Amino acid sequence: TLPIETSVRIPQNDISRYVNEIVETIPDSEFDEFRHHRGATSYHPKMMLKIILYAYTQSVFSGRRIEKLLHDSIRMIWLAQDQTPSYK
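Residue 88, in the UniProt record's numbering, is where the sequence shown stops; the numbers in between run on with no holes.
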């Protein structure tokens, strides 16, 4: 299968783009204390914040429903950079 360029399919004035822009204004250094350098590879805190904030804008608060959005929503797939963290 050919990869789909997800960002092309999302309108410029979409809420997911605003969430992305807002989170990207936060310096990476602000997330340093949340990054762990031992154990399994973790997801970047910025990406996690993006998917949680976007889910909240859609009135999705359950971890399982957020995980479902990560599989079904092109906006969530784009925000998560095609990563799919588990609700666990």
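Where a beta carbon is used, it is the ideal one built from N, C-alpha and C, also for glycine. Keep in mind the model is a prediction, meaning the values are calculated, not measured.
P45 - DSSP class collapsed to helix/strand/coil
Working through the sequence shown from its first residue, we reach residue 45 at position 45. Helix.
Give the straight-line distance between the Cα atoms of L2 and P11, rounded to the nearest whole angstrom.
If you number the sequence shown from 1, residue 2 lands on position 2. If you number the sequence shown from 1, residue 11 lands on position 11. Low confidence applies here, because L2 scores a pLDDT of 49, under 50, leaving its location unreliable; read the following figure in that light. Cα to Cα, L2 sits roughly 22 Å from P11.
Proximity to D32 [Cα-Cα], best of P45, E24, V23, E21:
Here residue 32 is taken as the residue at index 32 of the sequence shown, counted from 1. Among P45, E24, V23, E21, the Cα nearest to that of D32 belongs to P45.
Rounded separation between M48 and L79 - CA only:
The residue you call residue 48 lines up with position 48 of the sequence shown. The residue you call residue 79 lines up with position 79 of the sequence shown. M48 and L79: Cα-Cα distance of roughly 9 Å.
Along the alpha helix (DSSP H) that carries E21, what are the first and last residues, could you check?
The sequence position of residue 21 within the sequence shown is 21, counting from 1. 15–24 is the span of the alpha helix (DSSP H), which, as asked, contains E21.
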